[in-house]
């Protein structure tokens, strides 16, 4: 199953935000805790593969956290420390905890984020473009080698605000992960089967439609695969679930040595890896929601991860 | 797999409503079309096993429909025709089509429904108590033989209106199917894992939590099984989806010769049958939503049913 032997060659490059979050959920509140898409993604992916992070933080961002990331085979040399304050998101969740409502967003240093790839970053065969301005996503793609396996995320803000730029990005990515509301907005279809066909026609051969507490749906040339979320009894804060899903998903593909040519050379193997990666992503996300910020992921060990992955597999086995 | 040889012995007794529905969905409107829980359940179950229906209709109910049911190994001799009008439900669905909003309910002859089992009905080894007054559900249980495999449904109206009577019913049933909102109301838990434990403690050893367009979750002594809904691109009217899910589920168990002792005698086989029955239920429900009333089920043939069942299985296979 493994095509790639050395560690360097299965590293993942992740570009996105490192942030402070202030969150109010039915289970409690957290004030100015660590968050951000690239932060969540990297910690999750690092259970499977080495990660290089590209992002920007302000002078108020705790150096301790960057140091901690470094202890987990996450290379933070691409995280710029800029004059000013770190990106700060304030959000709340209703009783169902399925969708975040943004109360305020202070972009701060993130407003002038200009991702720059060092030569060693360009070698990562896996690239994750978290939910940032599609113009920046393209800038990263311009800098990166062309044989990356590229996954990307987006959101309503860019779908409505920069639809043409987003479509340019989509033509250049292999995998798009997006939630149901975003899929509807992007495709104009309420029906997720229809939406997935329309979005695949925009470029990504693989579309993952995230369904919150219900899991995620994988749409490929081979058809659909539906992965349930692991039904954890402890749901504290859904923030970061989508990014840790992506981290588990890409991490799994990287560890397994998946590559973009596989889709043509061995489509059955590619499909199997994608399906297993879906379950890895769902398993990872189910830990994230069990506490605020990265707390649960910090306590997570690989034994628990494997055990829950097996449990989830049992829950879909007839 | 089959324990029971003759046709009589795998028939299902279904007690519930036959009704007129007036429905408004984002996909269209239907005025005074055929509906009712026992009606939907019976048509669905009849793809797998013979069904006896107990219900009541008014003088305005089309005899043609009862005659049509009879052509499908559905025995309608237990359907009373009473002086007056048939039960009439008026409802609407919002854009997500996940939850019905009742605009009006005219119980009419259903208000004085008093289910009476003829001797031949008492022999059915499978009993489905659709969503009716729990006092009537108990009356049916009193009349029936004690070795039935009993499944039942309920709703918010009875959970809040007759909680003690409903709990008496629950102590006497093997399987409860209920949707997420109802499970929360009945258990006091927002979390469906917690809710399922609490509801199982009330009596039913098997609890099925219906998740609308996301499928259903099976909760048994062995753990959880999560079945996705078949993602059909054509969603016209979700009315009857839950009852046809139950019909496919019970029909499958009846055809397979499942019986309540199996839970103790052969728990692995019992679990496997329950899981397959979940997929049969989800498959059946996905046809129901493709048209108003029973129209899609009327056009459904067993080839399509098997094909879609196989497709659904593919969508959960890693």
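Residue numbers (our numbering), protein chains in the order written: chain W, 1 to 318; chain C, 1001 to 1318.
Quick reminder that beta carbons are idealized off the backbone N, C-alpha and C, glycines included.
Beta carbon of residue i nearer than 8 angstroms to that of residue j
i, j, result
"residue 243 of chain W", "residue 70 of chain W", "no"
"residue 1149 of chain C", "residue 1137 of chain C", "no"
"residue 20 of chain W", "residue 105 of chain W", "no"
"residue 58 of chain W", "residue 109 of chain W", "yes"
"residue 131 of chain W", "residue 154 of chain W", "yes"
"residue 218 of chain W", "residue 274 of chain W", "yes"
"residue 1023 of chain C", "residue 1051 of chain C", "no"
"residue 248 of chain W", "residue 44 of chain W", "yes"
"residue 201 of chain W", "residue 210 of chain W", "no"
"residue 286 of chain W", "residue 225 of chain W", "no"
"residue 1166 of chain C", "residue 1158 of chain C", "yes"
"residue 53 of chain W", "residue 76 of chain W", "yes"
"residue 1199 of chain C", "residue 1185 of chain C", "no"
"residue 1161 of chain C", "residue 1089 of chain C", "no"
"residue 228 of chain W", "residue 97 of chain W", "no"
"residue 292 of chain W", "residue 79 of chain W", "no"
"residue 125 of chain W", "residue 10 of chain W", "yes"
"residue 49 of chain W", "residue 251 of chain W", "yes"
"residue 1232 of chain C", "residue 1306 of chain C", "no"
"residue 1190 of chain C", "residue 95 of chain W", "yes"
"residue 41 of chain W", "residue 246 of chain W", "yes"
Where the beta strand (DSSP E) through residue i begins and ends
i, result
"residue 1272 of chain C", "Where residue 1272 of chain C is concerned, there is no enclosing beta strand (DSSP E), although the alpha helix (DSSP H) it sits in stretches over 1267-1288."
"residue 52 of chain W", "51-57"
"residue 156 of chain W", "Counting along the chain, residue 156 of chain W falls outside any beta strand (DSSP E), though it belongs to the alpha helix (DSSP H) covering 156-161."
"residue 998 of chain C", "As displayed, chain C neither begins before 1001 nor continues past 1318, which places residue 998 of chain C out of reach and without an answer."
"residue 104 of chain W", "100-106"
"residue 1076 of chain C", "1074-1081"
"residue 208 of chain W", "206-210"
"residue 318 of chain W", "Looking at the DSSP string, residue 318 of chain W is not in any beta strand (DSSP E), and its letter there is neither H nor E."
"residue 1128 of chain C", "1126-1129"
Three-state class that DSSP yields for residue i in the structure shown
i, result
"residue 300 of chain W", "coil"
"residue 1091 of chain C", "strand"
"residue 236 of chain W", "coil"
"residue 222 of chain W", "coil"
"residue 1018 of chain C", "coil"
"residue 1142 of chain C", "helix"
"residue 1262 of chain C", "helix"
"residue 1029 of chain C", "strand"
"residue 305 of chain W", "helix"
"residue 60 of chain W", "coil"
"residue 1133 of chain C", "coil"
"residue 1024 of chain C", "strand"
"residue 117 of chain W", "coil"
"residue 1 of chain W", "Unreliable positioning characterises residue 1 of chain W in this predicted model, as indicated by a pLDDT of 37, which lies under 50. The coordinate reading is nonetheless provided below. Note: residue 1 of chain W maps to coil in three-state DSSP."
"residue 1313 of chain C", "helix"
"residue 1013 of chain C", "strand"
"residue 1034 of chain C", "strand"
"residue 1229 of chain C", "coil"
Enclosing alpha helix (DSSP H) for residue i [first to last residue]
i, result
"residue 1067 of chain C", "1063-1070"
"residue 1243 of chain C", "1241-1255"
"residue 1198 of chain C", "1192-1200"
"residue 151 of chain W", "From DSSP, residue 151 of chain W is part of no alpha helix (DSSP H) but of the beta strand (DSSP E) over 149-153."
"residue 1043 of chain C", "1037-1045"
Chain W residues whose Cβ lies nearer than 8 angstroms to that of residue i
i, result
"residue 1316 of chain C", "225, 226, 316, 318"
"residue 1238 of chain C", "The premise fails here: residue 1238 of chain C is roughly 13 angstroms from chain W at the closest Cβ pair, so nothing lies under 8 angstroms."
Residues that residue i contacts on chain C, provided the C-beta gap is smaller than 8 angstroms
i, result
"residue 40 of chain W", "The premise fails here: residue 40 of chain W is roughly 23 angstroms from chain C at the closest Cβ pair, so nothing lies under 8 angstroms."
"residue 235 of chain W", "1191"
"residue 267 of chain W", "None at all; the shortest Cβ gap to chain C is about 15 angstroms."
"residue 125 of chain W", "Within 8 angstroms Cβ-Cβ: nothing; residue 125 of chain W doesn't reach chain C, min ~24 angstroms."
Contacts that residue i makes with chain C (C-beta to C-beta distance below 7 angstroms)
i, result
"residue 221 of chain W", "Near residue 221 of chain W there are no residues of chain C at all, since even the closest Cβ is about 14 angstroms away, more than 7 angstroms."
"residue 119 of chain W", "Residues of chain C passing the Cβ test: none, with the nearest at roughly 38 angstroms."
Under 9 angstroms by beta carbon: chain W residues contacting residue i
i, result
"residue 1115 of chain C", "Ordered by position in chain W, no residue passes the 9 angstroms Cβ test against residue 1115 of chain C, which lies about 35 angstroms from the chain."
Neighbouring residues, chain W, relative to residue i (Cβ below 7 angstroms)
i, result
"residue 1134 of chain C", "Near residue 1134 of chain C there are no residues of chain W at all, since even the closest Cβ is about 27 angstroms away, more than 7 angstroms."
Of all the residues that make up the segment 76-110 of chain W, which are near chain C by a beta-carbon distance shorter than 7 angstroms?
-> 95
What residues from the segment 272-291 of chain W come within 8 angstroms of chain C, judged by C-beta to C-beta, listed N to C?
-> 272, 275, 276, 279
Interface residues of the segment 1179-1201 of chain C facing chain W [CB-CB below 8 angstroms] = 1190, 1191, 1192, 1193, 1194
Mind checking the segment 1205-1216 of chain C against chain W and listing, in chain order, the residues whose C-beta falls within less than 7 angstroms of any C-beta there?
-> 1211, 1214
Name, going along the chain, the residues of the segment 1034-1058 of chain C whose beta-carbon falls closer than 8 angstroms to a beta-carbon of chain W.
-> none
Members of the segment 60-75 of chain W near chain C, C-beta cut-off 8 angstroms = none
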